[in-house]
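Novice:
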Amino acid sequence: MNGAVNGAWSAFDRWVARGPFTATDLGRYRVLFALLLLLTPSRYAWAGQFPDSFVNGPPGPFMLLRAVPPREVLLGLDVLVLLAAGFLLLGLFTRTASVVAGLTMLTGNGISYSFGKIDHSIFLVLVPLVLVFARWGDAVSVDSLRRRYRQGGPAAGPAAAPPQWPLRLLALLVGLGFLTAAAPKLLSGWLSPATQAVQGVMHTQYHVNGRTEFLAGTLLDVRSALFWESVDVATVLLEGLLVLAVLNWRAWRIGIAVASLFHFGVLLMMNIGFAANVFTYAAFVAWGSLRLPAVRVLPRRWLARYGWTVAVAVGLFAAFRPEEWVVPRQGQLIVVLGALVSTWYLLRQVRVLLRRGRPGARSPQPAHDEAAAAR
Amino acid sequence: MPTPTARADAPIKAVRLVFALAVLALPAQVAIRHVASEPYPGLYQPSFGGVPLAGREAVTTEAEVTLEFAGGATRAVGVEEVLPPTRVLPRFVFTRGFGTQERADDPRTVAWLRERVAALDERTATAVDVRWQRVGYSLDDGSRRVVEETSHVRVDLGAAR
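Sequence lines, in order, name chains D and Y. In this text, residue positions in the first sequence follow the numbering used here: the first is 7, and each later residue adds one. In this text, residue positions in the second sequence follow the numbering used here: the first is 1426, and each later residue adds one.
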């Protein structure tokens, strides 16, 4: 009995430690993640315009919140997130910046969600708190420069392979999150052929929330019960089964590519740009495989010593920039980009499958995908 | 290319514990939601709250908001007009403040609403009337129909500002 248990634990340990992700993959993703935070306008200051009587936190630590925090605190949370993002962008004091960014977003969101509506952006909060354990500051970072200089010079080799278990954990958390969306749908009759839930949701989004763009108007006129029931079933299946894809990296990448297309469909149909999820899926992209030109804006030694001034300047600029300096439709843009990358990835997978059948054919997959496929 | 290995930077038992907690958190969250409401922090993703259909109508709840002025004049306003800009859907925040008479009567809410309404209209508002209605939108032609009034909330702002 003990032998079986030990065997199971060993298999589990090997499973969580397997993965294709390199330090460069994670370093580049960290830069993108920081840019997303820096480009997102003020998150929490709005809450300061409401009276204390509107506050009633959800079950959890924010149940203790009885009043709207002072405006200075809300502004402080906004500034803190952006300062942390400045440090994440450069990869300087990455561990501290990751924890500060994650906990500040958790706090700020908790305050915002104490006004009656929980937006489901938890994955974005989890990213820095989980990937800090994958040492996402080991490459494309000032931290790595500082480490090299401390060790005697810039001639050190590439960063060591990062621990893979945090990526597996992030994937599992995303999968479990999806499961929480599938279960209520399953229990409330989404699979009943007598009701077409997505059709109902789309109509209420259109009429009540004014989400009338893209294909919303066209789809209002689609009356086919078969079409809408298919969308209901596909939604429940995707949300319910994604967690199983966590078992294998290639299956997971295919799963989140399909999920990205699902988010694109939601954008077209209901004009909801669920960018937080799509950006979380981007953590599993092989960013290190991209050939990018070497860009050196500032001398390395100067960065290693004074990089903190750049991080602070970037964070403060993002915090106090004019309100109108935002990327228009940022969330929707991210969803569209996610759909494009996902389509490209899925088409490549189809190509691999088609070629696999031919005798003597070479696999068109790069090493990163080969590694993922094997795991 | 990282070499697959059982060794991680964190102690193996700690990693096992973290994964176990992640899995166990799921039923815990479901239980909390069942007995209270959706927790935060939590892994929840949008469930869209069941099937919002009744026959050939998509049904929802809406607030009809009317400002009442001294002298008897009235003005219908939208929920978004009453609230300052929010980063969450305004109708949920409005429900938090004015979903029940008890919440709306909170002196802090009344004082705040008085200021908001003064910024909306130069006239002296004496009351804000909120009628919560169950509304149906036809799937066939998009026409709107009030199915029933579910509750009525009235906030007396007093004559003087």
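For each residue, glycine too, the CB sits at the ideal point set by N, CA and C.
Between which two residues does the alpha helix (DSSP H) containing Glu-1540 (chain Y) stretch?
Specialist: Start and end: 1532 to 1545.
Novice: I need the boundaries of the alpha helix (DSSP H) containing Leu-182 (chain D), first residue and last residue.
Specialist: Run containing Leu-182 (chain D): 171 to 193, per the alpha helix (DSSP H) assignment.
Novice: Work out the CA separation of Val-1484 (chain Y) and Pro-75 (chain D) for me, nearest whole Å.
Specialist: Looking at the two C-alpha atoms, the distance is approximately 36 Å.
Novice: Can you check which of these residues, D:Arg-311, D:Gly-271, D:Ala-317, is closest to Ala-345 (chain D) by C-alpha distance?
Specialist: With distances taken between Cα atoms, Ala-345 (chain D) lies closest to D:Gly-271.
Novice: Which residues in the same chain have their Cβ closer than 8 Å to the Cβ of Pro-1427 (chain Y), if we skip the five residues on either side of it in sequence?
Specialist: Only weak support is given to the placement of Pro-1427 (chain Y): the predicted model assigns it a pLDDT of 47, under 50, and the question is left unresolved by the model.
Novice: If the cut-off is 9 Å on Cβ atoms, which residues from the segment 1463 to 1474 of chain Y count as contacting chain D, listed in chain order?
Specialist: Within the segment 1463 to 1474 of chain Y, the residues whose Cβ lies closer than 9 Å to some Cβ of chain D are Glu-1463, Pro-1464, Tyr-1465, Pro-1466, Gly-1467, Leu-1468, Tyr-1469, Gln-1470, Pro-1471, Ser-1472, Phe-1473, Gly-1474, listed in chain order.
Novice: Enumerated in chain order, which unbroken segments of the alpha helix (DSSP H) with a length of 4 residues or greater are wholly contained in the segment 240 to 298 of chain D?
Specialist: Whole alpha helix (DSSP H) segments, 4+ residues: 255 to 276, 281 to 287.
Novice: Could you name the residues of the segment 108 to 127 of chain D whose beta carbon sits closer than 7 Å to any beta carbon of chain Y, in the order they occur along the chain?
Specialist: Going along the segment 108 to 127 of chain D in chain order, one finds Leu-112, Gly-116, Ser-118, Tyr-119, Phe-121, Gly-122, Lys-123, Ile-124, Asp-125, His-126 with a Cβ nearer than 7 Å to chain Y.
Novice: State the start and end residues of the unbroken alpha helix (DSSP H) segment that holds Thr-28 (chain D).
Specialist: Here Thr-28 (chain D) belongs to no alpha helix (DSSP H), and DSSP marks it neither H nor E.
Novice: Excluding the 5 residues flanking Arg-1541 (chain Y) on each side, which residues of the same chain have their C-beta closer than 8 Å to its C-beta?
Specialist: Cβ within range, chain order: Val-1507, Leu-1508, Pro-1509.
Novice: Just reading off the alpha helix (DSSP H) that Gly-116 (chain D) is part of, what are its end residues?
Specialist: It spans 100 to 118 - the alpha helix (DSSP H) in which Gly-116 (chain D) sits, taken as one unbroken run.
Novice: For a contact meaning CB atoms closer than 8 Å, what does Thr-210 (chain D) contact in chain Y?
Specialist: The contacting residues are Pro-1477, Ala-1483, Val-1484, Thr-1485, Tyr-1562.
Novice: Which same chain residues end up closer than 7 Å to Arg-1481 (chain Y) when comparing Cβ atoms and leaving out the 5 residues on each side of it in sequence?
Specialist: Counting only Cβ-Cβ distances below 7 Å, and skipping sequence neighbours, we find Ser-1563, Leu-1564, Asp-1565.
Novice: So is Gln-1470 (chain Y) buried or exposed if we call it buried at 16+ other beta carbons inside 10 Å?
Specialist: Buried, by the Cβ-count rule.
Novice: So with CB distances below 8 Å, who are the chain D contacts of Gln-1558 (chain Y)?
Specialist: Residues of chain D passing the Cβ test: none, with the nearest at roughly 12 Å.
Novice: Would Thr-46 (chain D) and Ala-165 (chain D) be called neighbours here (beta carbons separated by less than 9 Å)?
Specialist: Going by C-beta atoms, Thr-46 (chain D) is not nearer than 9 Å to Ala-165 (chain D).
Novice: Return the CA-CA distance between Ser-348 (chain D) and Tyr-287 (chain D), expressed in angstroms with no decimal places.
Specialist: Each residue's Cα considered, the two are about 10 Å apart.
Novice: Quick check: the segment 60 to 72 of chain D against the segment 14 to 22 of chain D, are there 3 or more CB pairs under 8 Å?
Specialist: Output reads no: the segment 14 to 22 of chain D does not touch the segment 60 to 72 of chain D.
Novice: By the three-class DSSP mapping on this structure, what secondary structure does His-126 (chain D) have?
Specialist: Here His-126 (chain D) sits in coil by DSSP.
Novice: Entirely within the segment 1457 to 1531 of chain Y and at least 4 residues each: give me those alpha helix (DSSP H) ranges in chain order.
Specialist: Here the runs fully enclosed are 1504 to 1507, 1515 to 1523, 1526 to 1529.
Novice: Does Arg-1569 (chain Y) come within less than 9 Å of chain D when only Cβ atoms are used?
Specialist: Judged by the 9 Å Cβ criterion, Arg-1569 (chain Y) is in contact with chain D.
Novice: Once you ignore the five residues that flank Thr-1499 (chain Y) on each side, which residues in its own chain have a CB closer than 7 Å to its CB?
Specialist: Thr-1491, Leu-1492, Glu-1493, listed in sequence order.
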